[in-house]
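Trainee:
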Amino acid sequence: GQQLNQSPQSMFIQEGEDVSMNCTSSSIFNTWLWYKQDPGEGPVLLIALYKAGELTSNGRLTAQFGITRKDSFLNISASIPSDVGIYFCAGFDNYGQNFVFGPGTRLSVLP
Amino acid sequence: EAQVTQNPRYLITVTGKKLTVTCSQNMNHEYMSWYRQDPGLGLRQIYYSMNVEVTDKGDVPEGYKVSRKEKRNFPLILESPSPNQTSLYFCASSYRGGQPQHFGDGTRLSIL
């Protein structure tokens, strides 16, 4: 089946630093989503992208839908301790009518 | 409050003993799906449903069954659980396919 790759797999940063992570696919997607998962909870939607080239912000978070429709990135500015968690990208394929999730990027923020 | 509710949250059981994990949403969503989450593999879709009485296989359907008799409920059935089905399971729903999904809090299954 389709697969998404996320990089980096994990990262340790200092509080206040900016963070960048990305998601790539060998297939084209028509929708890209970014989720965050805290321990013991289900993923929570951060940003949804519906058009190639789209750049969308949600507070300190900014995500872009790649022009090729095969990638997306998520930036977090001025990280804080509550940014700790696992960040997942997800792509939706209109043909298969199902979502594909990446393996996640685990973020740790050091005080 | 809009939510997706899964039960049970935790279950330890033995190989071969049929079990059902229930999922209910109160948002009148058409699309519902089940995922399993395993370390390093992210979320993999098991089954999904575009609407009542319409279900389809996801990426890892083997060993699972689902049904969608009512819009709000989408139970996951393991007829004969095996240890390789030990995992964290999530139910999710959205207004329709392609829309961002709301996730439940997860069900941790351990099959001994």
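Going down the list, the sequences are from chains A and B. Under the working numbering, the first sequence has 211 at position 22, and the numbering climbs by one with no breaks. Under the working numbering, the second sequence has 273 at position 9, and the numbering climbs by one with no breaks. Glycine included, C-beta positions come from ideal geometry on N, C-alpha and C.
Tell me the DSSP secondary structure of residue 349 (chain B) in three-state form.
Mentor: Reading the second sequence from its first residue, position 85 is the one you call residue 349 (chain B). In the structure shown, residue 349 (chain B) sits in a helix (DSSP, three-state: H, G or I).
Trainee: Please report the residue range of the beta strand (DSSP E) in which residue 251 (chain A) lies.
Mentor: Locating residue 251 (chain A) in the first sequence gives position 62, where the first residue counts as 1. Run containing residue 251 (chain A): 250-254, per the beta strand (DSSP E) assignment.
Trainee: Look up residue 320 (chain B) in the DSSP assignment and say whether it is helix, strand or coil.
Mentor: The residue you call residue 320 (chain B) lines up with position 56 of the second sequence. Residue 320 (chain B) falls in the strand class under three-state DSSP.
Trainee: Using 8 Å as the limit for Cβ to Cβ distance, is residue 232 (chain A) near chain B?
Mentor: Here residue 232 (chain A) refers to the residue found at position 43 when the first sequence is read from its first residue. For residue 232 (chain A), the answer is yes, since a Cβ of chain B falls inside 8 Å of its Cβ.
Trainee: So residue 352 (chain B) and residue 372 (chain B) are in contact, right, with Cβ under 8 Å, and what is the actual spacing, rounded?
Mentor: In the second sequence, counting from the first residue as 1, residue 352 (chain B) sits at position 88. In the second sequence, counting from the first residue as 1, residue 372 (chain B) sits at position 108. Contact flag correct, Cβ pair sits at about 5 Å.
Trainee: Return the bridge partner residues of residue 260 (chain A) from the DSSP annotation.
Mentor: Here residue 260 (chain A) is taken as the residue at index 71 of the first sequence, counted from 1. Its beta-bridge partners are A:213.
Trainee: Consult DSSP for residue 302 (chain B) and reduce its assignment to one of helix, strand or coil.
Mentor: Within the second sequence, the letter at position 38 stands for residue 302 (chain B). DSSP places residue 302 (chain B) in strand when its eight states are reduced to three.
Trainee: Please report whether the beta-carbon of residue 220 (chain A) lies at a distance below 8 Å from any beta-carbon of chain B.
Mentor: Taking the first sequence and counting its residues from 1, the one referred to as residue 220 (chain A) is at position 31. Yes, contact with chain B.
Trainee: Is it true that the CB of residue 230 (chain A) sits closer than 8 Å to the CB of residue 300 (chain A)?
Mentor: Numbered from its first residue, the first sequence carries residue 300 (chain A) at position 111. Numbered from its first residue, the first sequence carries residue 230 (chain A) at position 41. No, the Cβ-Cβ distance between residue 300 (chain A) and residue 230 (chain A) is not below 8 Å.
Trainee: Residue 224 (chain A) lies in the beta strand (DSSP E); which residues open and close that run?
Mentor: Position 35 of the first sequence, counted from the first residue, corresponds to residue 224 (chain A). Residues 220-226.
Trainee: Could you name the residues of the same chain whose beta carbon sits closer than 6 Å to that of residue 291 (chain B), not counting the 5 residues immediately before and after it, in chain order?
Mentor: Residue numbering aside, residue 291 (chain B) sits at position 27 when the second sequence is read from its first letter. Taken in chain order, the residues that qualify are 266.
Trainee: Give the secondary structure of residue 271 (chain A) by DSSP, where H, G and I count as helix, E and B as strand, and everything else as coil.
Mentor: Translated into the one-based positions of the first sequence, residue 271 (chain A) becomes position 82. Helix.
Trainee: Give the secondary structure of residue 282 (chain A) by DSSP, where H, G and I count as helix, E and B as strand, and everything else as coil.
Mentor: Position 93 of the first sequence holds residue 282 (chain A). Strand.
Trainee: Three or more beta-carbon pairs under 8 Å between the stretch 334-348 of chain B and the stretch 289-300 of chain A, yes or no?
Mentor: No, they do not touch.
Trainee: With DSSP collapsed to three states, give me the class of residue 290 (chain B).
Mentor: Looking up residue 290 (chain B) in the second sequence gives position 26. It is coil, neither helix nor strand.
Trainee: Of all Cβ atoms in chain B, is any one closer than 8 Å to the Cβ of residue 211 (chain A)?
Mentor: Along the first sequence, read from residue 1 onward, the residue named residue 211 (chain A) stands at position 22. Not an interface residue.
Trainee: Between residue 237 (chain A) and chain B, is any beta-carbon pair separated by less than 8 Å?
Mentor: Against the first sequence, residue 237 (chain A) aligns to sequence position 48. True, the Cβ-Cβ gap to chain B drops below 8 Å.
Trainee: For residue 309 (chain B), go through chain A and note every residue whose CB falls closer than 7 Å to its CB, in chain order.
Mentor: One-based indexing of the second sequence puts residue 309 (chain B) at position 45. Chain A residues near residue 309 (chain B): 287, 288.
Trainee: Any heavy atom of the ligand MN closer than 7 Å to the CB of residue 231 (chain A)?
Mentor: This structure lacks the ligand MN; in fact it carries no ligand of any kind.
Trainee: Could you name the residues of the same chain whose beta carbon sits closer than 7 Å to that of residue 272 (chain A), not counting the 5 residues immediately before and after it, in chain order?
Mentor: Numbered from its first residue, the first sequence carries residue 272 (chain A) at position 83. So the list reads 265, 296, 298, once near-sequence residues are dropped.
Trainee: Between which two residues does the beta strand (DSSP E) harbouring residue 374 (chain B) extend?
Mentor: The residue given as residue 374 (chain B) occupies position 110 in the second sequence. It spans 371-375 - the beta strand (DSSP E) in which residue 374 (chain B) sits, taken as one unbroken run.
Trainee: Have a look at residue 287 (chain A) and residue 334 (chain B) and give me their C-alpha separation to the nearest angstrom.
Mentor: For the purposes of this step, residue 287 (chain A) is taken as the residue at position 98 of the first sequence. For the purposes of this step, residue 334 (chain B) is taken as the residue at position 70 of the second sequence. When rounded, the distance between both Cα atoms is 20 Å.
Trainee: Kindly give me the distance between the Cβ atoms of residue 232 (chain A) and residue 367 (chain B), rounded to whole angstroms, as I take these residues to be in contact under 8 Å.
Mentor: On the first sequence, residue 232 (chain A) is found 43 positions in, with the first residue counted as 1. On the second sequence, residue 367 (chain B) is found 103 positions in, with the first residue counted as 1. Indeed, because the Cβ distance is near 5 Å, the residues count as touching under 8 Å.
Trainee: Run through DSSP, which three-state label would residue 269 (chain B) get?
Mentor: The residue given as residue 269 (chain B) occupies position 5 in the second sequence. Looking at residue 269 (chain B) - three-state DSSP - the assignment turns out to be strand.
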